[in-house]
DNA sequence: CCTACCGATCGGTAGG
DNA sequence: CCTACCGATCGGTAGG
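Residue numbers (UniProt numbering), protein chains in the order written: chain R, 1 to 210; chain G, 1 to 210.
Have a look at this one:
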């Protein structure tokens, strides 16, 4: 989870101009792909935003599809880095749910553009990248299903829950934030996660006055 | 809410070949736009699926963008027809929530392709159509916020709910179904709605044994 | 990183 | 509904 992985032959050193330019290209591509969609963004649009000619992009990147693949996979890595370490944590399931939701929403909130590209364009990846994302998605599904099952096992969650449907409901809440959350707004990811977790854990219905 | 609106000068009579062909075009367009995305679907792709040449489409429709507009607006009309009549119903808020969620999910489930196009492509509409959809979206948000407020007013829902966030959570659950629901599968829209509403109303946490 | 260019494909139209 | 075509634009490359 370091911000600056060790340089490899394929990846220029962290402070080199080449790497900065590559990062800029990915950043702008994420913005344009999220605003206009992948197929509606031309390489000339992208180059124009960076003050260069269309063909010049290919001095830095290998092709349009690779831009998409890297944006999607970087988003997937962020979700993994945020959630998967929680698997081994000894923590009551309700608290773990709260923590997972907060981390999940924070990844979305901190990466609204990549998250949008992720949710909208992953079906249009090449077969290899598509399969990769599908198996990643299964990992995240399993993470939440295991969390629910753990809570039921502990007696903290209701015993009559449908594990799969419960995980679906949780995932709906945290994923759908990409459509409405506004990063500069009054709500922090923590605010959203706490309110959502409260509602999910305790329910909307008023306590029985009897 | 009739299936067959009265013919107008712009709309051929219900059983005419022209209308059937137009419907076929819209149907196939919905499928292709949902599978490949709007911009990645060419008019020649669309024509090919219908056994005709690209140019021949324009004997039936006026342009690609109008196809998108009609698909999106038809989906919006379906949501309206399902939900808005509930506004006037005298019904306890918890029951109304259950009913609204079932209807909402049914619209998604019965129109998986249009729903996908709706959620993925509405931002790419022309300014006029975009504004139309935005105001429609506000209507649906208001519907769920009013429902929550009603439930709080009746004392059926917890008094400490945040109305806007509660509506967001409900909308997350019902809208996100477009990503995972499988129409031929074991779950009916009613099954999904009942499980979701149960979890939302009562919560995941086990009742206090004390 | 630019100029100049490639073949392919785009949405749409004319005329029948 | 087809043939033939329009100008525009696409992703990408060669050569510098």
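Note that the Cβ used here is the ideal one computed from N, Cα and C, for glycine as well. Everything numeric in this text was worked out from a predicted model, so none of it was measured.
Within-8 angstroms CB hit, residue 204(R) to chain G = Translated into the one-based positions of the first chain, residue 204(R) becomes position 204. By this cut-off, residue 204(R) is an interface position.
For residue 11(G), which three-state DSSP category applies?
-> Within the second chain, numbered from 1, the residue matching residue 11(G) stands at position 11. Here the model assigns residue 11(G) a pLDDT of 49, short of 50, so the residue's position is not dependable, and the following value carries that caveat. Strand at residue 11(G).
Chain G beta carbons: is any one of them nearer than 8 angstroms to that of residue 167(R)?
-> For the purposes of this step, residue 167(R) is identified with residue 167 of the first chain, where counting begins at 1. Taking Cβ atoms only, chain G never reaches closer than 8 angstroms to residue 167(R), which makes this a no.
Quick one, which residues of the segment 149-167 of chain G are near chain R if we go by CB-CB under 8 angstroms, in chain order?
-> 151, 155, 156, 157, 158, 159, 161, 162, 165, 166
Residues in its own chain within less than 7 angstroms of residue 205(R) by CB, not counting five upstream and five downstream?
-> Taking the first chain and counting its residues from 1, the one referred to as residue 205(R) is at position 205. Counting only Cβ-Cβ distances below 7 angstroms, and skipping sequence neighbours, we find nothing.
What's the C-alpha gap between residue 42(R) and residue 72(G)?
-> The residue you call residue 42(R) lines up with position 42 of the first chain. The residue you call residue 72(G) lines up with position 72 of the second chain. Going from the Cα of residue 42(R) to the Cα of residue 72(G) covers about 24 angstroms.
DSSP state of residue 205(R) mapped onto helix, strand, coil | Position 205 of the first chain, counted from the first residue, corresponds to residue 205(R). It is a strand residue.
Going by DSSP, name the residue or residues bridged to residue 157(R).
-> Within the first chain, numbered from 1, the residue matching residue 157(R) stands at position 157. DSSP output for residue 157(R) lists 205(G) as bridge partner(s).
Please list the residues of the segment 174-187 of chain R that have a C-beta atom closer than 7 angstroms to any C-beta atom in chain G, keeping them in chain order.
-> 175, 176, 180
With a Cβ-Cβ cutoff of 8 angstroms, do residue 46(G) and residue 68(G) count as a contact?
-> Taking the first residue of the second chain as position 1, residue 46(G) is located at position 46. Taking the first residue of the second chain as position 1, residue 68(G) is located at position 68. Against a cut-off of 8 angstroms, the Cβ pair of residue 68(G) and residue 46(G) comes out as no contact.
Three-state secondary structure (DSSP) at residue 138(G)?
-> By one-based count along the second chain, residue 138(G) stands at place 138. If DSSP states are grouped into helix, strand and coil, residue 138(G) belongs with the helices.
Could you tell me which of 197(G), 92(G), 168(G) sits nearest to residue 177(R), measuring between CA atoms?
-> Reading the first chain from its first residue, position 177 is the one you call residue 177(R). Comparing Cα-Cα distances from residue 177(R) to each of 197(G), 92(G), 168(G), the minimum goes to 168(G).
Applying a beta-carbon distance threshold of less than 7 angstroms, which residues of chain G neighbour residue 195(R)?
-> The residue you call residue 195(R) lines up with position 195 of the first chain. Those within 7 angstroms of residue 195(R) in chain G are 162, 165.
What does residue 37(R) touch in chain G if you count any residue whose Cβ is under 7 angstroms from its own?
-> Taking the first residue of the first chain as 1, we reach residue 37(R) at position 37. Within 7 angstroms Cβ-Cβ: 37, 39, 124.
Sequence-distant residues of the same chain with beta carbon closer than 7 angstroms to residue 10(G), five excluded per side | Sequence index remark: in the second chain, residue 10(G) carries index 10 (1-based). The predicted position of residue 10(G) is uncertain, since its pLDDT is 43 and thus under 50; a value taken from the coordinates is nonetheless stated next. Once the five neighbours on either side are set aside, residue 10(G) has no close Cβ partner at all.
Stretch-stretch touch, CB-based, cutoff 8 angstroms, three pairs: the segment 177-197 of chain R with the segment 100-107 of chain R | yes
So does the segment 135-155 of chain G actually touch the segment 74-85 of chain G, counting three or more Cβ pairs closer than 8 angstroms?
-> yes
Residue 156(G) beta carbon less than 8 angstroms from that of residue 93(G) | In the second chain, residue 93(G) corresponds to position 93, counting from 1. In the second chain, residue 156(G) corresponds to position 156, counting from 1. Against a cut-off of 8 angstroms, the Cβ pair of residue 156(G) and residue 93(G) comes out as a contact.
Just reading off the alpha helix (DSSP H) that residue 45(R) is part of, what are its end residues?
-> For the purposes of this step, residue 45(R) is identified with residue 45 of the first chain, where counting begins at 1. Start and end: 43-49.
Measure the C-alpha to C-alpha separation of residue 197(G) and residue 171(R) and round it to an integer number of angstroms.
-> Taking the second chain and counting its residues from 1, one reaches residue 197(G) at position 197. Taking the first chain and counting its residues from 1, one reaches residue 171(R) at position 171. Computed Cα separation, rounded: 15 angstroms.
Would you tell me roughly how many angstroms separate the C-alpha atoms of residue 175(R) and residue 90(G), rounded to the nearest one?
-> On the first chain, residue 175(R) is found 175 positions in, with the first residue counted as 1. On the second chain, residue 90(G) is found 90 positions in, with the first residue counted as 1. About 33 angstroms.
Any chance the segment 49-69 of chain R sits against the segment 54-62 of chain G, with 3 or more Cβ pairs inside 8 angstroms?
-> no
Residues, ordered as in the chain, of the segment 85-98 of chain R that lie near chain G by beta-carbon distance below 7 angstroms | 94
Rounded straight-line distance, which links the Cα of residue 153(G) to that of residue 35(R) | Counting from 1 along the first chain, the entry for residue 35(R) is found at position 35. Counting from 1 along the second chain, the entry for residue 153(G) is found at position 153. Those two C-alpha atoms are separated by around 40 angstroms.
State buried or exposed for residue 131(G), treating a residue as buried only when at least 16 other CB atoms are found within 10 Å of its CB.
-> By one-based count along the second chain, residue 131(G) stands at place 131. So residue 131(G) ends up on the exposed side.
Residue 182(R) versus residue 49(G) - alpha carbon distance = Locating residue 182(R) in the first chain gives position 182, counting from the first residue. Locating residue 49(G) in the second chain gives position 49, counting from the first residue. Distance between the alpha carbons of residue 182(R) and residue 49(G) is about 41 angstroms.
From the beta carbon of residue 200(G), is the nearest beta carbon of chain R less than 8 angstroms away?
-> Mapped onto the second chain, residue 200(G) falls at position 200. Chain R, which has a Cβ nearer than 8 angstroms to the Cβ of residue 200(G), makes this yes.
Got a sec, what are the start and stop residues for the alpha helix (DSSP H) residue 176(G) sits in?
-> The sequence position of residue 176(G) within the second chain is 176, counting from 1. Taken as a continuous stretch (DSSP letters only), the alpha helix (DSSP H) holding residue 176(G) covers 163-176.
Would you kindly report the start and end of the unbroken alpha helix (DSSP H) that includes residue 104(G)?
-> Residue 104(G) sits at position 104 when you count from the first residue of the second chain. Here the alpha helix (DSSP H) through residue 104(G) covers 93-110.
Nearest neighbour of residue 75(R), chosen from 98(R), 111(R), 96(R) [CA to CA] = Translated into positions along the first chain, residue 75(R) becomes position 75. If we check each option's Cα against that of residue 75(R), 111(R) comes out closest.
For chain G, is any of its Cβ atoms less than 8 angstroms away from the one on residue 132(R)?
-> Residue numbering aside, residue 132(R) sits at position 132 when the first chain is read from its first letter. By this cut-off, residue 132(R) is not an interface position.
Neighbour flag for residue 172(R) against chain G, beta carbons, 8 angstroms | Here residue 172(R) refers to the residue found at position 172 of the first chain. Interface residue, yes.
Residue-chain proximity (residue 120(R), chain G), Cβ-Cβ < 8 angstroms | Working through the first chain from its first residue, we reach residue 120(R) at position 120. Yes, residue 120(R) lies at the interface with chain G (some Cβ there is under 8 angstroms from its Cβ).
Please report how far the alpha carbon of residue 164(G) lies from the alpha carbon of residue 63(R), in whole angstroms.
-> Here residue 164(G) refers to the residue found at position 164 of the second chain. Here residue 63(R) refers to the residue found at position 63 of the first chain. Cα to Cα, the separation comes out at about 43 angstroms.
Shortest alpha-carbon distance to residue 202(R) belongs to which of 40(G), 159(G), 113(G)?
-> Position 202 of the first chain holds residue 202(R). Comparing Cα positions, the closest option is 159(G).
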